[in-house]
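**Q** Just passing along the structure, written as structure tokens.
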Ligand SMILES: [Zn+2]
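Residue numbers (our numbering), protein chains in the order written: chain A, -2 to 418; chain B, 1078 to 1220.
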């Protein structure tokens, strides 16, 4: 597989996202309008929307979640952009980054100069069992789902294989959840803008208010081991190991590099892009890493001409806590079998040597499937421009990465970003 | 008299499921490069050959990864599984080297910490429903 450099540079000049959460009175379109409006406001020198030439939307399953297909033209129309070309891109949970890559390729090809990339998913209309069934359609249904697997179940199987191969215990995974909730507590757009400590204290206060016996958790480890507070979903993964069901949207404005200065003096350049596919989980040589992720990352590194050592921060696809551990190894931040130790040692904390998911990740920020890969870029945009507020990392971020996975790694898309001034 | 020969079944999920209903876990083998494929494939990804043949697997393997599902999909809830009655799903590595997703039986779903990756398994079949509605699911049983 050849991996050519981009024939023309591409820069991000605007980024926005809706608040993530459960919004009974808003559909996917409404949320995308919010993200688009914030994206417009983020363009330092302003954007005349009539300059936007093409729209790529990441969306997994508006058909099943909202009973609404053909989503891209509807969203383009909602923000006043018809008749530009509008296309929906579906790659399960990697739909967002796949849409971004289409936008990158459209500009790099020379066909267009200004592209809107969006991601949107409205998931909370359905009861949990229907959401589980809808997400399951991203798997190899006749062979994997027939075996009783759910998405938490797949990642749980990865976790058991990882635990058998390395010295990891289920408790190690809790470090990822604690860290991502700590970050989410500093993110005003997060679905769960609260640390696990505060969450536990809230549960205790609520019990006292209701006149019920106060739970006797000594600390958050007690809380996380309590089957009633943190129920098992798919052993060894508990509720706090799983990303939530979320409504949300995000939007990015991409332009040809030579036009970036018309929009901002602080563009973020996309210098590496990689994407790979893979078979179902059972049809892979190893279960403890995602080969599509390793391949996408190596393509992106090669295109960008940088290595894992150069990347200051990454937003990775932590749909489950074990997924972040594996991701941190697949992108080369840590050696195989070392990712869970790095999480335990605080290496991936906001103040650590290799911060991962400063946004709170899918875990705490929320995981509106098709929007997640685009919202990852929103966080990178904020951090690289020094606009991340309370959760700003304490180091300069000239190079960053996003890693977005579809299903159990049947799709993976990795991008590398550079700030040049 | 004309001899009745069974035509080769297509390499589809329907054929695979039909074999399961007959109590066989069938894979496809590439007749050009010899690679065994489970689930069965119609095209060999290793050499891109379209020449494959059905092969019955040994049905003997070991557990490569597993989970105990408490929050179940709808079709398993309809079979009585869920929070109060969890079940085990796993990925089984056959002695031929191929892997497949299957229900895991013969282990205690209430004690997941005692279920071990590497547990020896043999093929089993779970049939749900009767008559035309019967469906057979692949399972592996702890030896
Ligand atoms: Zn072959």
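We treat Cβ as the ideally placed atom computed from N, Cα and C, and that holds for glycine.
A quick note: this is a predicted structure, and the numbers were derived from the prediction, not measured.
With respect to the beta strand (DSSP E) encompassing residue 277 of chain A, which residues constitute its N-terminal and C-terminal limits?
**A** Element bounds for residue 277 of chain A: n/a, residue is neither H nor E.
**Q** If you follow the beta strand (DSSP E) that residue 101 of chain A is part of, which residue opens it and which one closes it?
**A** Per DSSP, residue 101 of chain A belongs to no beta strand (DSSP E); it is in the alpha helix (DSSP H), 92 to 105.
**Q** With a threshold of 8 Å between beta carbons, is residue 414 of chain A in contact with chain B?
**A** Not an interface residue.
**Q** Determine the chain B residues that contact residue 141 of chain A at a beta-carbon separation under 8 Å, and present them in chain order.
**A** Going along chain B in sequence order, the residues near residue 141 of chain A (Cβ under 8 Å) are 1178.
**Q** In three-state DSSP terms, what is residue 1122 of chain B?
**A** Note: residue 1122 of chain B maps to coil in three-state DSSP.
**Q** Helix, strand or coil for residue 184 of chain A? Go by DSSP, reduced to three states.
**A** Correct three-state label for residue 184 of chain A: coil.
**Q** Does the distance from the CB of residue 247 of chain A to the CB of residue 13 of chain A come in under 8 Å?
**A** Yes, they are a contact pair.
**Q** Does any residue of chain B bring its CB to less than 8 Å from the CB of residue 334 of chain A?
**A** Not closer than 8 Å to any Cβ of chain B, the Cβ of residue 334 of chain A fails to qualify, so no.
**Q** So residue 1197 of chain B is in the beta strand (DSSP E); what residue range does that whole segment cover?
**A** Residue 1197 of chain B -> beta strand (DSSP E) spans 1197 to 1205.
**Q** At a Cβ threshold of 8 Å, is residue 218 of chain A touching chain B?
**A** By this cut-off, residue 218 of chain A is not an interface position.
**Q** Please classify residue 1078 of chain B: is it buried, with 16 or more other beta-carbons within 10 angstroms of its beta-carbon, or exposed?
**A** Legend: pLDDT at residue 1078 of chain B = 46, less than 50; position of this residue unreliable, value from coordinates given subsequently. The residue in question, residue 1078 of chain B, is exposed, as its Cβ has fewer than 16 Cβ neighbours within 10 Å.
**Q** What I want to know is whether the C-beta of residue 176 of chain A ends up closer than 7 Å to one or more non-hydrogen atoms of ligand 1.
**A** Not under cutoff, so the answer is no.
**Q** So, under 8 Å CB-CB, residue 312 of chain A and residue 377 of chain A are touching, yes? Tell me the CB distance rounded to an integer number of Å.
**A** With 8 Å as the limit, residue 312 of chain A and residue 377 of chain A qualify as a contact, their Cβ atoms being about 6 Å apart.
**Q** Figure out for me which residue from B:1213, B:1085, B:1209 and B:1192 has the closest Cα to the Cα of residue 1200 of chain B.
**A** Per the Cα distances, B:1213.
**Q** Between A:135, A:338, A:384 and A:337, which lies nearest to residue 356 of chain A when the distance is taken from Cα to Cα?
**A** Answer by Cα proximity: A:384.
**Q** Is the stretch 256 to 274 of chain A close to the stretch 30 to 44 of chain A, with three or more CB pairs under 8 Å?
**A** Touching, yes.
**Q** I need the straight-line Cα distance from residue 394 of chain A to residue 1206 of chain B, nearest angstrom please.
**A** Near 59 Å, if we compare the C-alpha coordinates of residue 1206 of chain B and residue 394 of chain A.
**Q** Would the beta-carbon of residue 259 of chain A be found less than 7 Å away from any heavy atom of ligand 1?
**A** No, ligand 1 has no heavy atom inside 7 Å of this Cβ.
**Q** On the DSSP bridge assignment, give the partners of residue 1164 of chain B in chain order.
**A** Answer is B:1146, bridged to residue 1164 of chain B.
**Q** Measure from the C-beta of residue 149 of chain A to each C-beta in chain B and report whether the shortest distance is under 8 Å.
**A** Yes, residue 149 of chain A lies at the interface with chain B (some Cβ there is under 8 Å from its Cβ).
**Q** Does DSSP put residue 61 of chain A in a helix, in a strand, or in coil?
**A** Three-state result, residue 61 of chain A: helix.
**Q** Label residue 232 of chain A either buried or exposed according to how many other C-beta atoms from any shown protein chain fall within 10 Å of its C-beta, with 16 as the threshold for buried.
**A** So residue 232 of chain A ends up on the buried side.
**Q** Quick check: residue 211 of chain A and residue 217 of chain A, are their CB atoms within less than 8 Å of each other?
**A** No.
**Q** Going by DSSP in three states, residue 398 of chain A sits in which element: helix, strand or coil?
**A** Note: residue 398 of chain A maps to strand in three-state DSSP.
**Q** In the DSSP assignment, what are the bridge partners of residue 244 of chain A?
**A** Paired residues: A:18 and A:119.
**Q** Assuming residue 30 of chain A contacts residue 76 of chain A (C-beta within less than 8 Å), just tell me the rounded distance between them.
**A** 6 Å between Cβ atoms; contact.
**Q** In terms of residue numbering, what span does the beta strand (DSSP E) encompassing residue 1132 of chain B cover?
**A** Residue 1132 of chain B -> beta strand (DSSP E) spans 1129 to 1133.
**Q** Would you mind sorting residue 409 of chain A into buried or exposed? The rule is 16 or more other CB atoms within 10 Å of its CB.
**A** Answer is buried; the Cβ neighbour count reaches 16.
**Q** May I ask you to check if the CB of residue 1112 of chain B is nearer than 7 Å to at least one heavy atom of ligand 1?
**A** Indeed, a heavy atom of ligand 1 lies less than 7 Å from the Cβ.
**Q** Report the three-state DSSP secondary structure of residue 1139 of chain B (helix, strand or coil).
**A** If DSSP states are grouped into helix, strand and coil, residue 1139 of chain B belongs with the strands.
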